[in-house]
Structures are given as C-alpha cells and as structure tokens.
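In the numbering used here, the protein residues as written are 22 to 315.
Using N, Cα and C, we set each Cβ at its ideal position, and we do this for glycine too.
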Amino acid sequence: MTQALNITPEVAVSTLNELIDLDRYPIHDPDSEVTRALIAQCRAELDAVGCCCIANFVRPQSIARMQAEIERKRPDIYWSQDSHNPYMRQDDPSLPEGHPKRAFQRRSSGFVNSDILEEDSDLRRLYDREELLQFVSECLGVTRPIYRWSDPLGCSPYSVMDDGNYFPWHFDGNEFTVSILVQQADKGGVFEYCPDLRTPENENFDQVADVLKGDCGPVHTLDLKPGDLQIFKGRFSMHRVTPVEGSRPRYIALPTYVYDPETVNRPERAKQFYGRAMPIHYEREALRPDTLTD
Ligand SMILES: O=C(O)CCC(=O)C(=O)O
Ligand SMILES: [Fe+2]
22 MTQALNITPE
32 VAVSTLNELI
42 DLDRYPIHDP
52 DSEVTRALIA
62 QCRAELDAVG
72 CCCIANFVRP
82 QSIARMQAEI
92 ERKRPDIYWS
102 QDSHNPYMRQ
112 DDPSLPEGHP
122 KRAFQRRSSG
132 FVNSDILEED
142 SDLRRLYDRE
152 ELLQFVSECL
162 GVTRPIYRWS
172 DPLGCSPYSV
182 MDDGNYFPWH
192 FDGNEFTVSI
202 LVQQADKGGV
212 FEYCPDLRTP
222 ENENFDQVAD
232 VLKGDCGPVH
242 TLDLKPGDLQ
252 IFKGRFSMHR
262 VTPVEGSRPR
272 YIALPTYVYD
282 PETVNRPERA
292 KQFYGRAMPI
302 HYEREALRPD
312 TLTD
C-alpha cells in the first residue's frame, strides 16, 4: 500500500504521478473542479453506453514499462485454447439448441497472471493505489463500496493476444473491469461490447442468443489507444475481442473491482483462463456475487 506510515503525502502523489498523468487528470485531488468534471463525464458515458474511456490516462513511460514487463514474462504466459459459451460454463444438453448456454465459440489467448507480476510492476503499483479505487468507484457512481478482487490469479492480469488469437463473447465473473491498453495489434483486437445486455434480475437470453447469431444491433465498438483507461461493467455487458492479425501482439492490463471482496472466480473459470485453480477457488466456490449464470 502506498500510504504506508513513512511515506509523506508529497511522495505518495509523486509516485502516483509516475503512473498516471495527474497534470491532466488530478485524481489525487477528488474535489478539484477538473476531477469532478471528469467523474461527471465518465458517469454520463457509463449511463449512456455502459463504458467510459479516458484518453492517455496512464503515462507513456509507464505504458513502456508495462510492455517491457510483459515481454520479460513471455516465458511464463499461460496460453490456452478452449471453447466457451458466454457464461464459461459447461454445455447443458437439457436445454434446446439455440439457447445461449449451448452456443460455444473457440478462444485462444494468453495471460500474465496477477500472482507473477514483478515486485515493482507498474500494474501492481497502480492496482494498489487507493486513489484509483476511489476514482473508479466515483465514476461508476456506485452506492456501496467496491473492493479490489481477492482472486490471486485474475485480480489484475495482463491479457495477451498474438496473431490469430480470438477472445469470444462472454460475461465476466467480476462486476467491474478497468482496461488499460498497453500495445495495439497491427490489425483486429478490437473490443466490442453490448451495454447492460443482462441485469442481476434478467438474463435476457433471447437477445444474448441474437448477438451470438450475428445481430450487431446492440454491439458497440471501442477504439482504445495505448495509455487509455476504460471502465466497464463486464458482468452485465457481454463483450469480446475480435481476432488479432499481424506480427504485433495486443497487450492489455485488466485491474478488476468487485462489490464483495470475498468472491473469486469459480475453479472452472480459473483453470480455463489462468491454468490452475487454487485452494481459495474451491473454498469460495459457493460464494457467488449474484444469482446470474457464470
Ligand atoms: O482484452 C480485453 O479487452 C478484454 C478481455 C476480457 O474480456 C477478459 O479477460 O475477460
Ligand atoms: Fe471479459
């Protein structure tokens, strides 16, 4: 944690300023006019399209350090291929064909899991900052506190997609994700999402099925650039990343936040994405954030 006893407020701000462009986005000063206006704008975007984007939020030097960290971690990336329905659950043959729980798409992608981030990783330092948590919480306009996620593998990983990789339509296991693009692919690797396609009360299976069949009606596209910060309600807005093409891979940092700090991914999802399930995933399997399918 940054606000350790021996760190002065000035040092805390200057270390945050190494990561975030505080000149343009002074989130360490939540009451400043600039920050208040920024929060209002993010809330309006989130209300309108379930997602907001802040250009050049993370400094280019910090993005360059994240990119170098991912390159150093290449040998430790967990690469996987799997077929998924949007809920990352197994097939349910009792349901009719055409039900979205029965619609599987092929994924291939890699993760630098959160537990192997380097000690002085810029992503780790960013995720640890109280100021970012508070800022994200304000932007979301939540009425109850949000927390960093307890999932040791999935709480703040880098997602890596090489030539040919695809990340199909799905809902997340956690409520909120902050995405920071670290490197853009030559071609493809575009983030597409359907704002609030389901709510905690309504799975909206019919419209989910339509999107899987190719209905572009509810689909929005986000043109992220390196350093941009996106806040996104991944548990309610179905999303995907289109196939990456070309020799330059797509790298993105995914720090995540939840309402219930105790929940973690189901063991099934932890194995699919991060290569293993740990005791915490089994111990907390029954603890779900809501009654939605995942
Ligand atoms: O790579 C992205 O932009 C999103 C990845 C994603 O949806 C996920 O990891 O759940
Ligand atoms: Fe996701």
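According to the DSSP assignment, M87 belongs to the alpha helix (DSSP H) that extends over P81 to R93.
Listed by position along the chain, the residues with Cβ atoms less than 5 Å from a non-hydrogen atom of ligand 2 are D193 and G255. With a cut-off of 7 Å, the C-beta of S200 is classified as near ligand 1, since at least one heavy atom of the ligand falls inside that distance. When the alpha-carbon of R256 is set against those of A274, E222, I273 and Y272, the nearest one is in E222.
Between Y272 and Y148, the C-beta gap is not smaller than 8 Å, which leaves the two residues out of contact. V199 is not a Cβ neighbour of G131, given a cutoff of 8 Å. If you check the C-beta of V279 against ligand 1, you find no heavy atom less than 7 Å away.
In the displayed model, Y295 falls within a helix according to three-state DSSP. Under the 10 Å beta carbon count, S104 is surrounded by fewer than 16 other beta carbons and is classified as exposed.
Under the DSSP assignment, Y272 falls in the beta strand (DSSP E) whose first and last residues are R271 to A274. V262 and G185 have their C-alpha atoms some 12 Å from each other. Its chain contains V79, R80, S83, D143, R146, L147 and R150 as the residues whose beta carbon lies nearer than 8 Å to that of L40, once the 5 sequence neighbours on both sides are disregarded; these appear in chain order. The three-state reading of DSSP puts V211 in coil, since its state is none of H, G, I, E or B. By alpha-carbon distance to R165, the top candidate from L154, P173, I201 and S171 is L154. For ligand 1, a non-hydrogen atom lies closer than 7 Å to the CB of S180.
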